[in-house]
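Structure record follows, encoded as structure tokens.
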Ligand code: FES
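Numbering (the working numbering), first residue to last: 10 to 142.
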């Protein structure tokens, strides 16, 4: 019964993903593909005072992939880039709140991989600019 409720929770995020879409002038765009199925996620972030000022995602994937990416955007909003760079697999699994098999782990973590990739690239570019000055 509780498991069904959580499945419904995931399906709701899949059917009505929060923060799905694009931003007009994102500071950060990152993208990756789950090579095992070809599904993909793109994250766009507006950075404000070293925090996630706004965030959107697009992509195609299974319910776990889309729901976890959507939940992650909600979780990341307002956090510092440093905090997001330290998000872990367990943070995502806690957001999903249902047991995930090893096979579905890549689905659940694609959004995290993409978001952290974007943050690392953004922070790396910032360091390069600081080094040049
Ligand atoms: Fe493709 Fe889950 S089956 S991301």
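Each residue gets a CB set at the ideal place from its N, CA and C atoms; glycine is no exception.
Reduced DSSP category for residue i - H, G, I as helix; E, B as strand; rest coil
| i | result |
| --- | --- |
| residue 126 | helix |
| residue 18 | helix |
| residue 43 | coil |
| residue 110 | coil |
| residue 95 | coil |
| residue 13 | helix |
| residue 48 | coil |
For residue i: DSSP bridge partner residues
| i | result |
| --- | --- |
| residue 53 | 38 and 65 |
| residue 89 | 60 |
| residue 29 | 66 |
C-beta contact flag for residue i and residue j at 9 Å
| i | j | result |
| --- | --- | --- |
| residue 39 | residue 93 | no |
| residue 79 | residue 27 | yes |
| residue 68 | residue 49 | yes |
| residue 32 | residue 64 | yes |
| residue 41 | residue 102 | no |
Residue interval of the alpha helix (DSSP H) (run including residue i)
| i | result |
| --- | --- |
| residue 74 | 72 to 85 |
| residue 105 | 98 to 105 |
Counted within 10 angstroms of its Cβ, other Cβ atoms place residue i as buried (16 or more) or exposed
| i | result |
| --- | --- |
| residue 82 | buried |
| residue 136 | exposed |
| residue 119 | buried |
| residue 138 | exposed |
| residue 45 | exposed |
| residue 20 | exposed |
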